[in-house]
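Engineer:
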Amino acid sequence: MPESLSKENRRKFEWKRANPFGSLQLFKRYPTIGGLAFSFFLIYLAAQAVQGNWNFFTIYRFGWNEKMVGISLAVVGLLVGVVQGVLTGFTTKKLGNERSVYLGLLLYSLGLVLFAFATEGWMMFVFLIPYCLGGVAGPALQSILAGHVPPTEQGELQGALTSLMSLTTIIGPLIMNNLFYFFTKDNAPVHFPGVSFLLGGIFMLLSTLVAWRVLSREKKTHPELLNVIEGSTESTPGMH
1334 MPESLSKENR RKFEWKRANP FGSLQLFKRY PTIGGLAFSF FLIYLAAQAV QGNWNFFTIY
1394 RFGWNEKMVG ISLAVVGLLV GVVQGVLTGF TTKKLGNERS VYLGLLLYSL GLVLFAFATE
1454 GWMMFVFLIP YCLGGVAGPA LQSILAGHVP PTEQGELQGA LTSLMSLTTI IGPLIMNNLF
1514 YFFTKDNAPV HFPGVSFLLG GIFMLLSTLV AWRVLSREKK THPELLNVIE GSTESTPGMH
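Note that my numbering has the sequence shown beginning at 1334, numbered continuously upward.
(1) Determine the contact status of S1529 and L1512, defining contact as a CB-CB distance below 8 Å.
(2) Count the other C-beta atoms from every protein chain shown that fall within 10 angstroms of the C-beta of N1520, then say buried if there are 16 or more, exposed otherwise.
(3) Within 8 Å, do at least three Cβ pairs link the segment 1502 to 1518 to the segment 1422 to 1429?
(4) DSSP three-state call for P1522: helix, strand or coil?
(5) How big is the Cα-Cα spacing for F1423 and P1483?
(6) Pick out whichever of I1392, V1561 and G1368 has its Cα sitting closest to the Cα of T1517.
(7) Considering only the beta carbon of each residue, do A1470 and Y1514 sit closer than 8 Å?
(8) Have a look at G1488 and G1403 and give me their C-alpha separation to the nearest angstrom.
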C-alpha cells in the first residue's frame, strides 16, 4: 500500500523510535497530553476486567457453558459494531469530543458496576448495552489527543497509544484474574466474584476525573485548543 502521509509531513526514520515503547517519549515532548494519555491508559486497563475475566465470571457465577459464553461474546461483537459503525460518529457530531468522552466513560463505568452486582445471567446481556455504548469515548479521546500533535508526529502518537494498550494487556489480566481468584476461593475474607468489574468501574470513573481535570485546565490555559477539545471528530487533527 502506498504511504498515505504527504512527503512534507514525513519524518526521517530513527532506530530509537523503532522500539515499540520508545514512542512513549512523545509524552515527554508534549507534557500537556500526558494526563489524557493516562486517562486513555485507565480506559483500557479497566476494559481488561471484561476481556480477561468474562468467561471465568459467567461460568462461575451463572454456570454458563461454552455455548452461552459464545452467544454473549457474539452479542458483544454486534453491539460494538453498531457503536463503532453508527453511534460514534453521530455522538461526536452532536455532542462534540469532550462531552462524548465524559458520556462514554460514565456509561462504561455504569456497565462495569452493574456487571459486578448481577445476580442472574440475563442481566449480563442487558448490562452489555450501557457498557458497549461507552465505546463512544475512545475515538473522541483519541481525536483530542491527535489535535495536540502536529501531522509529522501522528504516527508516533498512534504508536505510543498502542504501546499503552499493549501494556494494559500485560498487567490487566494479572490484576483482574488474581482479584477474581482471591475473592472466590474458599477462605476468601469476602465472597465477591464481581470484584474485578467493580475495580474496572472505579478505573473508568478515575479516567473520567482525570480527563475532566485536564480538559478543564486546557480550555483556560490554551484557548486555541477549544475547537479540538469541544469539536467533532471531523476537526482536522494537528492544526491547532
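Even glycine gets a Cβ: it sits at the ideal position worked out from N, Cα and C.
Structural biologist: In short, the structure shows the following:
(1) yes
(2) exposed
(3) no
(4) coil
(5) 26 Å
(6) I1392
(7) no
(8) 35 Å
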